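Okay, structure first, notes after.
2 protein chains.
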Amino acid sequence: MPNRVCDILDIDHPILQGGMTWVSDASLASAVSNGGGLGIIGAGAMPAALLQGEIRKTRDLTGRPFGVNLIMINPEFERQLEVVMAEAPPVVTLGAVQSTAIIPELKSRGIKVLPVVAAAAIARRAEQYGADAVIAEGTESGGHIGETTTMVLTPLISRTVDIPVIAAGGIASGGAVAAVFALGAEGVQLGTRFVVAEECTVHAAVKEKFLKAGDRATVVTARSIGYPVRTIKNKLATSYSAWEKKYMAGECTAMDVENLGLGKLREAMCEGNVRDGSIMAGQCVALVEKAQPAAEIIAEIIAEAEAVARDLPSRMVLSR
Amino acid sequence: MPNRVCDILDIDHPILQGGMTWVSDASLASAVSNGGGLGIIGAGAMPAALLQGEIRKTRDLTGRPFGVNLIMINPEFERQLEVVMAEAPPVVTLGAVQSTAIIPELKSRGIKVLPVVAAAAIARRAEQYGADAVIAEGTESGGHIGETTTMVLTPLISRTVDIPVIAAGGIASGGAVAAVFALGAEGVQLGTRFVVAEECTVHAAVKEKFLKAGDRATVVTARSIGYPVRTIKNKLATSYSAWEKKYMAGECTAMDVENLGLGKLREAMCEGNVRDGSIMAGQCVALVEKAQPAAEIIAEIIAEAEAVARDLPSRMVLSR
Chain E
1 MPNRVCDILD IDHPILQGGM TWVSDASLAS AVSNGGGLGI IGAGAMPAAL LQGEIRKTRD
61 LTGRPFGVNL IMINPEFERQ LEVVMAEAPP VVTLGAVQST AIIPELKSRG IKVLPVVAAA
121 AIARRAEQYG ADAVIAEGTE SGGHIGETTT MVLTPLISRT VDIPVIAAGG IASGGAVAAV
181 FALGAEGVQL GTRFVVAEEC TVHAAVKEKF LKAGDRATVV TARSIGYPVR TIKNKLATSY
241 SAWEKKYMAG ECTAMDVENL GLGKLREAMC EGNVRDGSIM AGQCVALVEK AQPAAEIIAE
301 IIAEAEAVAR DLPSRMVLSR
Chain Z
321 MPNRVCDILD IDHPILQGGM TWVSDASLAS AVSNGGGLGI IGAGAMPAAL LQGEIRKTRD
381 LTGRPFGVNL IMINPEFERQ LEVVMAEAPP VVTLGAVQST AIIPELKSRG IKVLPVVAAA
441 AIARRAEQYG ADAVIAEGTE SGGHIGETTT MVLTPLISRT VDIPVIAAGG IASGGAVAAV
501 FALGAEGVQL GTRFVVAEEC TVHAAVKEKF LKAGDRATVV TARSIGYPVR TIKNKLATSY
561 SAWEKKYMAG ECTAMDVENL GLGKLREAMC EGNVRDGSIM AGQCVALVEK AQPAAEIIAE
621 IIAEAEAVAR DLPSRMVLSR
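Protein chains in written order, with the numbering used here: chain E, 1 to 320; chain Z, 321 to 640.
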């Protein structure tokens, strides 16, 4: 049986590396693509010229397909889109989809388009507008999140659309890959586990935080203003709580809360200020235990998933 | 290969019906046990004499093992515990575990004890105090919840303890059963799906709400006061938001927020006031589609799970 995600994206393994702002640059993306998965550059708030540079660098570092993640609510979005239309990377994943009209626009350049969705209605609309697949992202993910968990969202989206569903959120091992395939997924997207990849250029202090994190390490901030974001708990996360309290009391605006995060992701990820910066991470950071080359992460996850799937019929005894 | 959950609880299928206050009485619990799973009476805030009646009624309706769910922070808890020690139901599941000393106390009466846990540290402590298994409950569950999702919590708890892990939260179909077994679980607990069981005595208006609910149907209230509860969105849930805002502004106490829920679960579940009552439900309410006898739900889930596990090795193609 073929795998539709591999076929559509022209990759060897249906494993995508989630686009992560200030984290997944040409170095990580090319390493993942060279490992047979799909590396994805996180455009985030990157100036358009810088994004263009990362796309070209990735092309230098790998002959395999790769992607760019664009966040539509980003102020740089229009300029980034121009670069993407000109450079035409093989794949674009879309966060915070505001208008589905962008899908045919990107496809006109031969780009495969994968919206990131957190609800069934959005997935249905994305399919209608020609999306090649959808990435169903559970609330356990890092960064900007929806409310539904991977365990519920994966089967829900799978029965809503006919295009392939790539599950994201909470996946850090082969067992989780087998689990989401059992729920109807045909591919996976991992962010958190790839942060500790050797080729990831994130600051060493961030990697250390990831490797040490336990199951209560993450917290959701800015839920009160309607833009929930999952990060590792630190001084910044605590100050969000204080400001959100003020916001609820009508003593400051939603913009004041939002502004707390300005430049903070870069401060953590690039400069290593893990106290005052924003360390976006998924809940599965608790399961991330060792730094490895990206290709080794992919190979290990595949071997684990296949072993789990092979043993499942004999291990899952449901009647005695 | 034997199933440890079946062996420990002396049941045919490792499928537990979650204890649900004002929902899982003798009628539902006995139907689940008669179907080969483990039916569980939700003691909740039930007066001790009423609980005793339900335990005895369950014994009349089934010769199979069944359980009682006790919530330790409940004001009726001490009196309920006396009844449970006297009646000695085969199994007790423990919510909101405040003290692990209760585990050996219950075990001294020959009762199997299964704490409901939402974090690795609590699971480890429960095992040390003699718990027979733990129920790892993800945040997608209905009612009182923790923060970690089933996708992350199941592998985390599975590698933390040696006793069997029963996964709960987000499980409404056989695919999800296969998924949590792939993550290390040896049994499952379902609440939401059993609410629409024919033998469930909950008000018809509640069942209708469950059958119609989509993926944005639930909301978490009272998170601001530290006791998050997942319910179906309605007028009561909206008034929680308003009061929580007041609480954040220092204009009312946490107790004021808590008191909003007083008697409201009973009002919804027993009287059918789905507008002003508290309709506790898990996120997987979106996946619940038909009313069936409890035994049929169990049989259907097992058949689905086995089919999914059987097909997984050929369906999960990770390399081309």
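Just so you know, even glycine gets a beta-carbon here, dropped at the ideal spot from N, CA and C. For clarity, every value in this text was computed on a predicted model and none was experimentally measured.
Under the three-state DSSP convention, the category residue i falls into
{"i": "Q292(E)", "result": "strand"}
{"i": "G641(Z)", "result": "In the structure displayed, chain Z extends from 321 to 640; residue 641(Z) sits before or after that span and is not available."}
{"i": "K432(Z)", "result": "strand"}
{"i": "E251(E)", "result": "coil"}
{"i": "I331(Z)", "result": "coil"}
{"i": "N74(E)", "result": "coil"}
{"i": "G463(Z)", "result": "strand"}
{"i": "M600(Z)", "result": "strand"}
{"i": "T58(E)", "result": "helix"}
{"i": "L473(Z)", "result": "helix"}
{"i": "A492(Z)", "result": "coil"}
{"i": "I135(E)", "result": "strand"}
{"i": "V84(E)", "result": "helix"}
{"i": "G373(Z)", "result": "helix"}
{"i": "L262(E)", "result": "coil"}
Partners in chain Z for residue i, counting only beta-carbon separations shorter than 8 Å
{"i": "E140(E)", "result": "T468, T469, M471 and V472"}
{"i": "I302(E)", "result": "L638 and S639"}
{"i": "K99(E)", "result": "Residue identity differs from the one stated: residue 99(E) is Ser in this sequence, not Lys. Correct list: empty, because the minimum Cβ distance to chain Z is about 20 Å."}
Of the listed residues the options, nearest to residue i (C-alpha basis)
{"i": "I455(Z)", "options": "L336(Z), Y449(Z) and G357(Z)", "result": "L336(Z)"}
{"i": "A438(Z)", "options": "M575(Z), V522(Z) and P475(Z)", "result": "P475(Z)"}
{"i": "T93(E)", "options": "V68(E), M316(E) and F77(E)", "result": "V68(E)"}
{"i": "H523(Z)", "options": "V594(Z), A492(Z), I618(Z) and Y567(Z)", "result": "V594(Z)"}
{"i": "V426(Z)", "options": "A441(Z), A443(Z) and E402(Z)", "result": "Contrary to the premise, residue 426(Z) reads as Leu rather than Val in this sequence. Nearest of A441(Z), A443(Z) and E402(Z) to L426(Z), Cα basis: E402(Z)."}
{"i": "P379(E)", "options": "K245(E), L262(E), I122(E) and G142(E)", "result": "In the structure displayed, chain E extends from 1 to 320; residue 379(E) sits before or after that span and is not available."}
{"i": "V436(Z)", "options": "I422(Z), A416(Z), T420(Z) and G450(Z)", "result": "A416(Z)"}
{"i": "G142(E)", "options": "F194(E), T160(E), Q98(E) and A123(E)", "result": "F194(E)"}
{"i": "I157(E)", "options": "A365(Z), R543(Z) and D535(Z)", "result": "D535(Z)"}
{"i": "D256(E)", "options": "A101(E), D7(E) and A222(E)", "result": "A222(E)"}
{"i": "D631(Z)", "options": "A123(E), A178(E) and G191(E)", "result": "A178(E)"}
{"i": "F77(E)", "options": "S99(E), R56(E), P90(E) and E296(E)", "result": "S99(E)"}
{"i": "S173(E)", "options": "D276(E), T160(E), A185(E) and T192(E)", "result": "T192(E)"}
{"i": "G138(E)", "options": "I103(E), I102(E), A185(E) and L260(E)", "result": "A185(E)"}
{"i": "A627(Z)", "options": "M316(E), L70(E), A307(E) and V308(E)", "result": "M316(E)"}
{"i": "K112(E)", "options": "A309(E), I122(E), R125(E) and G130(E)", "result": "G130(E)"}
{"i": "I618(Z)", "options": "R550(Z), A517(Z), T538(Z) and Q372(Z)", "result": "A517(Z)"}
{"i": "Q509(Z)", "options": "P322(Z), A349(Z) and A406(Z)", "result": "A349(Z)"}
{"i": "T58(E)", "options": "M46(E), A45(E), L70(E) and I41(E)", "result": "I41(E)"}
Contacts that residue i makes with chain E (C-beta to C-beta distance below 8 Å)
{"i": "N323(Z)", "result": "V317, L318 and R320"}
{"i": "P475(Z)", "result": "S173, G175, A176 and L287"}
Contacts that residue i makes with chain Z (C-beta to C-beta distance below 7 Å)
{"i": "Q283(E)", "result": "T468, T469 and V472"}
{"i": "G170(E)", "result": "T469, M471 and V472"}
Under 9 Å between C-beta atoms of residue i and residue j
{"i": "R109(E)", "j": "A133(E)", "result": "no"}
{"i": "E127(E)", "j": "I163(E)", "result": "yes"}
{"i": "A368(Z)", "j": "V152(E)", "result": "no"}
{"i": "G169(E)", "j": "T150(E)", "result": "yes"}
{"i": "G507(Z)", "j": "V485(Z)", "result": "yes"}
{"i": "E491(Z)", "j": "V500(Z)", "result": "Per the sequence shown, the amino acid found at residue 491(Z) is Ile instead of Glu. Their beta carbons are under 9 Å apart, which means I491(Z) touches V500(Z) by this criterion."}
{"i": "R56(E)", "j": "C326(Z)", "result": "no"}
{"i": "S544(Z)", "j": "M568(Z)", "result": "yes"}
{"i": "A217(E)", "j": "K233(E)", "result": "yes"}
{"i": "W22(E)", "j": "R230(E)", "result": "no"}
{"i": "A502(Z)", "j": "A309(E)", "result": "yes"}
{"i": "D330(Z)", "j": "P410(Z)", "result": "yes"}
{"i": "G282(E)", "j": "A205(E)", "result": "no"}
{"i": "E519(Z)", "j": "S347(Z)", "result": "yes"}
{"i": "H144(E)", "j": "I71(E)", "result": "yes"}
Neighbouring residues, chain E, relative to residue i (Cβ below 7 Å)
{"i": "S634(Z)", "result": "M1"}
{"i": "V628(Z)", "result": "A182"}
{"i": "K553(Z)", "result": "None at all; the shortest Cβ gap to chain E is about 11 Å."}
{"i": "C326(Z)", "result": "R320"}
{"i": "M568(Z)", "result": "K245, M248 and A249"}
Chain E contact residues for residue i, given Cβ-Cβ distances below 9 Å
{"i": "D333(Z)", "result": "Checking the sequence, you will find His at residue 333(Z) rather than Asp. Those within 9 Å of H333(Z) in chain E are L318, S319 and R320."}
{"i": "S353(Z)", "result": "Simply none; closest approach about 15 Å."}
Residues that residue i contacts on chain Z, provided the C-beta gap is smaller than 9 Å
{"i": "R216(E)", "result": "A439, A440, A441, E467 and T468"}
{"i": "A305(E)", "result": "A502, M636 and L638"}
Subject >> Three-pair Cβ contact test at 8 Å for the region 620 to 630 of chain Z versus the region 529 to 536 of chain Z >> reply: Verdict: no, contact absent.
Subject >> Inter-stretch contact (C-beta, 8 Å, three-pair minimum) for the region 379 to 398 of chain Z and the region 346 to 362 of chain Z >> reply: Contact between the region 379 to 398 of chain Z and the region 346 to 362 of chain Z is present, because at least three Cβ pairs lie under 8 Å.
**OP:** Would you check if there are 3 or more beta carbon pairs closer than 8 Å linking the region 552 to 562 of chain Z to the region 240 to 260 of chain E?
**Re:** Short answer: they don't touch.
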